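Q:
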Amino acid sequence: MIWQKRALLALHTALLDFENHENWKIAIEQAKFQNRWFEEAQVIQSLSQWRDSLTSEKVDSWLNAYSMPESFGNQRLGIIMAGNVPLVGFHDVIVGVISGYQVLAKTSSDDTILPKMWLSEAAKVDSIWSERVEVVEQLRNLDVAIATGSNNTAKYFASFFKSIPHLIRNNRNSVAILDGTETEADFIALGHDVFDYFGLGCRNVTHLMLPTGYDFTPLFQCWDVHFDWIRNHNKYANNYEYHRALLLMNLDPHIDTGYLIAKEKPELYAPVGMLNYSYYESIQGVAQKLVEWGDSLQCTVSKLPLVNAMPFGNTQCTQLDDFADGVDTLEWLIENRKPSIS
């Protein structure tokens, strides 16, 4: 396990003072021009969260839960990375390396600068990040694959990689269940679950389940103070205005805060600038709905005693053991390892 910990701590070292590191400053600025959703604050939030999750204590706790391979293997792991949130696909690269694979990473065209920058800086501390990871344009001659995309591309990926072990991820969204006893602090925390990364991530809340007769006033008054800044982002505002115009033309009932449209709708997914909501009569009814959403559901946020529910404000506070779609990618990769090379 010694080399795995050394590799992970190299990633941590590469982020220790990124706010004042000239190369990181340049990369953050370039990432914004490559993808206008990647505002500096959003990138800094992602980098800070990664830095927090890679401390020595957290690395030890994570690695100790597995029977880690002692040496590298010669299997080639191909990874197709998403680009909706800064560095969202980097966790797959990490688990691929520490499980001993030769990693071939195809970055998203929306997020190429940040992964390459992190790999470059980490390789200065531990060469494993340059020796065992290659950023490529095309994936060929793979033994194992992990791919993330939309529901449509997921079908293509599953067909393309059908002859090798593969993990395919598609669209998911998250839900918050309120009970009417929430405090202002809860509303602010929930606001981060909704608005962080402009609502583009699968961990962003896109649906509120509310007790019958719920009064939106305290929630939206709180968000007016803490989150109306989002209306100043051009791409977000364009999405909000587009969906607002459609609803107005169709005389479709909705709530308009000036920066967010809330609509009573049973679907889990809501586009950027919108938030669906529905009412419930009982906790049993809530639990049944969560089961119905099944694999479309990424995170559940609530103070209620529901299975796998997390506190408000925690959807984007990911740690090393927060695996996408509930699949332990590290364990899966270890299980698919062939005999290693010396």
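Per this note's numbering, the very first residue in the sequence shown carries number 22; after that it's consecutive.
For every residue, glycine included, the Cβ atom is placed at its ideal position computed from N, Cα and C.
Because the structure is a prediction, the values reported are computed rather than measured.
For residue 268, tell me which candidate among 255, 256, 283 has the shortest Cα-Cα distance.
A: Residue 283 is the option with its Cα nearest to residue 268.
Q: To which residues of the same chain is residue 45 closer than 6 Å at the C-beta, ignoring the five residues directly before and after it?
A: The answer, listed in chain order, is 39.
Q: Should the region 213-232 be called in touch with the region 296-313, which here means at least 3 C-beta pairs below 8 Å?
A: With a cut-off of 8 Å, the region 296-313 and the region 213-232 count as touching, because enough Cβ pairs lie within range.
Q: With three or more beta-carbon pairs closer than 8 Å as the criterion, would you say the region 284-294 touches the region 83-93?
A: Counting Cβ pairs under 8 Å, fewer than three are found: no touch.
Q: Excluding sequence positions up to five away, which residues of its chain have a Cβ less than 7 Å from the Cβ of residue 348?
A: Once the five neighbours on either side are set aside, the close Cβ partners of residue 348 are 188.
Q: Take residue 317 and list the residues in its own chain whose beta-carbon comes closer than 8 Å to its own, dropping the five residues that flank it on each side.
A: Once the five neighbours on either side are set aside, the close Cβ partners of residue 317 are 192, 193, 194, 289, 290.
Q: CB residue 209 to CB residue 254, shorter than 7 Å?
A: No, the Cβ-Cβ distance between residue 209 and residue 254 is not below 7 Å.
Q: Take every Cβ of the region 120-135, pair it with every Cβ of the region 89-109, and state whether three or more of those distances are shorter than 8 Å.
A: They touch, by the three-pair rule.
Q: Under DSSP, the beta strand (DSSP E) around residue 232 begins and ends at which residues?
A: That run of the beta strand (DSSP E) goes 226-232.
Q: Here's a check: name, in chain order, each residue in its chain whose Cβ is nearer than 7 Å to the Cβ of residue 319, leaving out the five neighbours to either side.
A: 193, 194, 195, 223, 224.
Q: Ignoring anything shorter than 3 residues or poking outside the region 133-215, list the beta strand (DSSP E) runs there in chain order.
A: Within the region 133-215, the complete beta strand (DSSP E) runs of at least 3 residues are 154-156, 165-169, 187-190, 194-198.
Q: Over what stretch of residues does the beta strand (DSSP E) that includes residue 350 continue unbroken?
A: Where residue 350 is concerned, there is no enclosing beta strand (DSSP E), although the alpha helix (DSSP H) it sits in stretches over 350-356.
Q: Would you check if there are 3 or more beta carbon pairs closer than 8 Å linking the region 24-39 to the region 112-127?
A: Yes: the two stretches touch, three or more of their Cβ pairs being nearer than 8 Å.
Q: Let me check one thing: in DSSP terms, what residues is residue 289 bridge-paired to?
A: In the DSSP output, where bridge partners are listed per residue, residue 289 has none listed.
Q: Can you tell me which of 76, 65, 55, 336 puts its alpha carbon nearest to the alpha carbon of residue 215?
A: Of 76, 65, 55, 336, the residue nearest in Cα terms is 336.
Q: What number of angstroms, rounded off, separates the C-alpha of residue 62 from the C-alpha of residue 227?
A: Taking the straight line joining both Cα atoms gives about 21 Å.
Q: Using only the alpha-carbon positions, how far apart do residue 353 and residue 180 sit?
A: One C-alpha to the other measures close to 20 Å.
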